[in-house]
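The structure appears below as structure tokens.
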Amino acid sequence: MIRVSTSMIGDNLINIVKKNSGKMVRLQSNIATGKKHRMPREDPAAVSNSMSYKRVLFELDQFEKNIDDGKSRLNFTDASLSSATEILQRIRELGVQGANGIYLKEDRAKMAAEIEELLQELASIANSKYKGKAIFGGNDTFEDPFKITKTFSKYAGKPVVDKVEYFGDIGKQNREISRGNIVTINVPGNEIFWAENSSLFSSVDARDYVVAADSKVRINGTELTFKAGDNIEMIVNRINNAAVPIRASVNRMNGGIVLETSSARDIWVEDIEGSTVMNDIGVISGKSPPQNLSPEARYFGGSIFDMVMRLRDSLYMNDVEDIGSRALGGMDMALDNLLKYRAELGVKANRLDIVKARIIQDKTNFEDILSRNEDIDIAESITKLKMLEVAYKAALGVSARIIQQTLLDFLR
1 MIRVSTSMIG DNLINIVKKN SGKMVRLQSN IATGKKHRMP REDPAAVSNS
51 MSYKRVLFEL DQFEKNIDDG KSRLNFTDAS LSSATEILQR IRELGVQGAN
101 GIYLKEDRAK MAAEIEELLQ ELASIANSKY KGKAIFGGND TFEDPFKITK
151 TFSKYAGKPV VDKVEYFGDI GKQNREISRG NIVTINVPGN EIFWAENSSL
201 FSSVDARDYV VAADSKVRIN GTELTFKAGD NIEMIVNRIN NAAVPIRASV
251 NRMNGGIVLE TSSARDIWVE DIEGSTVMND IGVISGKSPP QNLSPEARYF
301 GGSIFDMVMR LRDSLYMNDV EDIGSRALGG MDMALDNLLK YRAELGVKAN
351 RLDIVKARII QDKTNFEDIL SRNEDIDIAE SITKLKMLEV AYKAALGVSA
401 RIIQQTLLDF LR
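Be aware that the sequence shown starts at 1, since it is given in UniProt numbering, and climbs by one per residue.
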């Protein structure tokens, strides 16, 4: 038999009231914050899951920002190339007109003068900047990638563009659009504004050349290692077996190395980490690229600007035969290369749209999962709070009825 004292009854009732009061406070706090848990210890597993979901959402937000930035840059690049395409098409139209025998020398001079103006505008587009950074300069985005040189022309009677040189680099700008999924959003100017495949014929007889020590070179951004003792044939094989857009061979006439690109682009070669191999065999002159090809080597291949200048000069010189053959042929190659890259950029833009749509759907799904994991049901919580209030008031009422005796009741 358990002895029940007055104090025990009071203590028990007070504990019940406190318990209900604590539940009410916690529920009121949950309703105020909208969250199920105030402290990790209340439900460690649920809190851990919430942290994982938030981390995923943070990644998705960053991927979406990367996509938006990449898409904006691609759109700006395409708009610039669209203007460049229109200019080239107009230049080609002038070339077709100039190839027609019905025009006089004076007419062709006027066509050449218009092409000169269009050439300068084309060079300006090649130096376009997005948010203050050159879009065709590779990773070297703060300076104009193309430098223009003018000289006096006796045919034009004034200075005209004589040279347009690339001084950017071949760096790629990448954006991560999903975990481990990288997209390159730029094309260096020495690729996109090129017209012909390039080739270099060294004047140095390398048939007896042997690499003195292990050496490294970089060809179009890819590092290659030559071993001590490699001869020219082994150097050629190492280049051809590497993942570079350049093929190498040995000129059987003079024993010099020959480098040829597999598409319209400039040749980009450099010795690195103290190597002198490319310098020794007459490919480069020791300077840093892009203006480091050996002056003794024979170089073939031209940029879009070279093709435009050739057509302009042929018109100035009234060389109808060259206008209708090589000059217009060069313009066709220039347009083909530009349109090729525009198509590639368009494919990338479409890919970004597809990935962004998936990311938006993933964000919606994870936000729903996160909400179910940590957000309270307001209607359900208010109902529970009302029930606790009823229980709390009932406990107070019972306490008032059971504990009614006072000290005066014991003095009767």
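Note that beta-carbon positions come from the ideal geometry of N, C-alpha and C, so glycine has one too. Nothing here was measured: the structure is a model prediction, and the numbers come from that model.
Exercise. What's the C-alpha gap between Glu116 and Asp362?
Worked result: Numbered from its first residue, the sequence shown carries residue 116 at position 116. Numbered from its first residue, the sequence shown carries residue 362 at position 362. When the Cα atoms are used, Glu116 and Asp362 turn out to be separated by approximately 52 Å.
Exercise. Got a sec? Which residues, its chain only, sit under 8 Å from Val250 by beta carbon, not counting five neighbours each side?
Worked result: Taking the first residue of the sequence shown as 1, we reach residue 250 at position 250. The residues are Ala206, Arg207, Ile232, Glu233, Val236, Gly256, Ile257, Val258.
Exercise. Looking at Ala297 and Ser215, is the spacing between their C-beta atoms short of 8 Å?
Worked result: The count along the sequence shown starts at 1 and reaches residue 215 at position 215. The count along the sequence shown starts at 1 and reaches residue 297 at position 297. Not in contact: Ser215 and Ala297 (Cβ atoms no closer than 8 Å).
Exercise. Excluding sequence positions up to five away, which residues of its chain have a Cβ less than 8 Å from the Cβ of Ala242?
Worked result: Taking the first residue of the sequence shown as position 1, residue 242 is located at position 242. So the list reads Ile219, Thr222, Leu224, once near-sequence residues are dropped.
Exercise. Among the residues of its own chain, which have a CB less than 6 Å from the CB of Leu408, if the five just before and after it don't count?
Worked result: Taking the first residue of the sequence shown as 1, we reach residue 408 at position 408. At Leu408, the pLDDT of 49 sits below 50, so the modelled position is not reliable; the number obtained from the coordinates is stated separately. The answer is none, since no qualifying residue turns up.
Exercise. Hey, how far is the Cα of Leu338 from the Cα of Arg92?
Worked result: Position 338 of the sequence shown, counted from the first residue, corresponds to residue 338. Position 92 of the sequence shown, counted from the first residue, corresponds to residue 92. Near 14 Å, if we compare the C-alpha coordinates of Arg92 and Leu338.
Exercise. Should Trp194 and Ser303 be called a contact, given that it needs their Cβ atoms to be closer than 8 Å?
Worked result: For the purposes of this step, residue 194 is identified with residue 194 of the sequence shown, where counting begins at 1. For the purposes of this step, residue 303 is identified with residue 303 of the sequence shown, where counting begins at 1. Result yes, Cβ atoms of Trp194 and Ser303 sit closer than 8 Å.
Problem set entry | Complete runs of the alpha helix (DSSP H) confined to the segment 280–341 [at least 4 residues] | 304–316
Exercise. Taking DSSP as the reference, what is the three-state secondary structure of Arg73?
Worked result: Position 73 of the sequence shown, counting from 1, holds the residue named residue 73. Three-state DSSP puts Arg73 in a helix.
For this session: Determine the direct distance from the alpha carbon of Trp268 to that of Asp68, and round the result to whole angstroms.
Result: Taking the first residue of the sequence shown as position 1, residue 68 is located at position 68. Taking the first residue of the sequence shown as position 1, residue 268 is located at position 268. So the alpha carbons of these two residues sit roughly 32 Å apart.
Exercise. Between which two residues does the alpha helix (DSSP H) harbouring Ser275 extend?
Worked result: Numbered from its first residue, the sequence shown carries residue 275 at position 275. Run containing Ser275: none; DSSP gives neither H nor E here.
For this session: Would you mind reading off the limits of the alpha helix (DSSP H) that contains residue 449?
Result: It is not possible to answer for residue 449, since the shown part of the chain is limited to 1 through 412.
For this session: Count the other CB atoms, across all protein chains shown, that sit within 10 Å of the CB of Met309; report buried if there are 16 or more and exposed otherwise.
Result: Stepping through the sequence shown from its first residue, residue 309 is reached at position 309. Classification for Met309: buried.
For this session: May I ask you to report which of helix, strand or coil DSSP gives Glu344?
Result: Translated into the one-based positions of the sequence shown, residue 344 becomes position 344. Glu344: helix per DSSP, three-state reduction.
Exercise. In terms of residues, what are the limits of the alpha helix (DSSP H) holding Glu191?
Worked result: Working through the sequence shown from its first residue, we reach residue 191 at position 191. Per DSSP, Glu191 belongs to the alpha helix (DSSP H) from 189–192.
Exercise. Mind checking Arg73: buried by the 16 CB within 10 Å criterion, or exposed?
Worked result: Mapped onto the sequence shown, residue 73 falls at position 73. Arg73 is buried by the Cβ-count criterion.
For this session: State whether the segment 356–370 contacts the segment 286–301, with contact taken as three or more CB pairs (one from each stretch) at a distance under 8 Å.
Result: Result no; under three Cβ-Cβ pairs closer than 8 Å.
Problem set entry | Touching by the beta-carbon criterion (3+ pairs, under 8 Å), the segment 110–130 and the segment 144–160 | yes
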